[in-house]
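Student: Protein chains in written order, with full-length UniProt numbering: chain Z, 1 to 100; chain B, 1 to 100. Each residue gets a CB set at the ideal place from its N, CA and C atoms; glycine is no exception. If you're wondering where the values come from, they're calculated on a predicted model, not measured in any experiment. There's a structure below that I have some questions on.
Number of protein chains: 2
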Amino acid sequence: MLDALGDPTRRVILETLRTGGPCSVGVLAERVPVSRPAISQHLKVLGAVGLVRHESRGTRNIYRVHQAGLGELRSWLDQFWGDTLQAYADHVRRTEEERK
Amino acid sequence: MLDALGDPTRRVILETLRTGGPCSVGVLAERVPVSRPAISQHLKVLGAVGLVRHESRGTRNIYRVHQAGLGELRSWLDQFWGDTLQAYADHVRRTEEERK
DNA sequence: CGGCTCCGTTAGTGGCAACTTACCGTTCGT
DNA sequence: ACGAACGGTAAGTTGCCACTAACGGAGCCG
């Protein structure tokens, strides 16, 4: 998931799909300064983690961003956020008890 | 930001700091299967994007996760989320108009 | 059917970044 | 003031991954 978003070109692809709406692989290859096979590989990675979904329209595959992937990331972030605050509060309490 | 979270060991470091609370570099090096210099470099990266903050306590530097960095990520995600839904709605509308 | 387009896959290469080893500055204890 | 502990930095190596080039397959059109 975060591994997928770690790559800059993958983020560019996502951004292109986001602002430009769903489109085919060839069109993506035109808009992103990278060869078409590279786009395919990145789309494969993005699809594996649920950030993108594709739909066959004749010979061409239309890709679009998938909200479920973003939702997963969001829930992960929320949990991380809450747990961090909790752990920090615990740590402060523990430290103050040691100070006594 | 996302580049920083892209690395697995950096996520392990963050996770360690999150669950175990703030701690020094040496302690981190014990808990994470990586040499101490590597920890330093990763902490430098994490600090550069505001995910971590450090505080000198004598000779040892205490690191802790910084909520501001997580907040930035959260707002970015929220914006991305909203824009995606918006762009998708626009795309659907456009497609239906073309169908007429 | 034959050619064309569009896409995914494989093999191979180059570059970057993560890791270690070694070194040095800083700070505390004695 | 000296030694030790702690941590950041520099240099060097290795492994991984992003990218390209070449091939193969599946679907429209004549």
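1. Which residue comes first and which comes last in the beta strand (DSSP E) that contains B/His-54?
2. Put Z/Val-49 into one of helix, strand or coil per three-state DSSP.
3. Given this structure, state the Cα-to-Cα distance separating Z/Tyr-35 from Z/Gly-69, to the nearest angstrom.
4. What span of residues does the alpha helix (DSSP H) with Z/Val-27 cover, start to end?
5. Distance check for B/Val-12 and B/Pro-33, CA to CA, integer angstroms please.
6. In this structure, what does DSSP give as the bridge partners for residue 102 of chain Z?
7. Ends of the alpha helix (DSSP H) at B/Pro-8?
8. Could you check whether B/Arg-64 and B/Val-52 sit closer than 8 Å to each other, using their CB atoms as the reference points?
9. Any idea which residues DSSP pairs residue 102 of chain Z with across the strands?
10. Tell me which residues of the segment 61 to 84 of chain B have at least one Cβ-Cβ distance to chain Z shorter than 9 Å, keeping chain order.
11. Check distances from the C-beta atoms of the segment 1 to 12 of chain Z to those of chain B and list, in chain order, the residues that come in under 8 Å.
Tutor: Result, derived from the coordinates:
1. Residue 54 of chain B sits at position 54 when you count from the first residue of the second sequence. Here the beta strand (DSSP E) through B/His-54 covers 52 to 57.
2. As a working note, residue 49 of chain Z is residue 49 in the first sequence. Residue state, collapsed to three classes: coil.
3. As a first step, residue 35 of chain Z must be located in the first sequence, where it is residue number 35. As a first step, residue 69 of chain Z must be located in the first sequence, where it is residue number 69. According to the sequence displayed, residue 35 of chain Z carries Ser and not Tyr. The alpha-carbon atoms of Z/Ser-35 and Z/Gly-69 are separated by roughly 25 Å.
4. The residue you call residue 27 of chain Z lines up with position 27 of the first sequence. Segment 25 to 31, the alpha helix (DSSP H) holding Z/Val-27.
5. To locate residue 33 of chain B, count along the second sequence from 1; it is residue 33. To locate residue 12 of chain B, count along the second sequence from 1; it is residue 12. Distance between the alpha carbons of B/Pro-33 and B/Val-12: 10 Å.
6. One cannot answer for residue 102 of chain Z here, as it falls past the ends of chain Z, which runs 1 to 100.
7. On the second sequence, residue 8 of chain B is found 8 positions in, with the first residue counted as 1. Here the alpha helix (DSSP H) through B/Pro-8 covers 8 to 20.
8. Looking up residue 52 of chain B in the second sequence gives position 52. Looking up residue 64 of chain B in the second sequence gives position 64. For B/Val-52 and B/Arg-64, yes; Cβs fall inside 8 Å.
9. An answer regarding residue 102 of chain Z cannot be provided, because it is not within the stretch 1 to 100 covered by chain Z.
10. Arg-64, Val-65, Gln-67, Leu-70, Gly-71, Leu-73, Arg-74, Leu-77, Asp-78, Phe-80, Trp-81, Asp-83, Thr-84
11. If the cut-off is 8 Å between Cβ atoms, the segment 1 to 12 of chain Z has Leu-2, Asp-3, Leu-5, Gly-6, Asp-7, Pro-8, Arg-11 near chain B.
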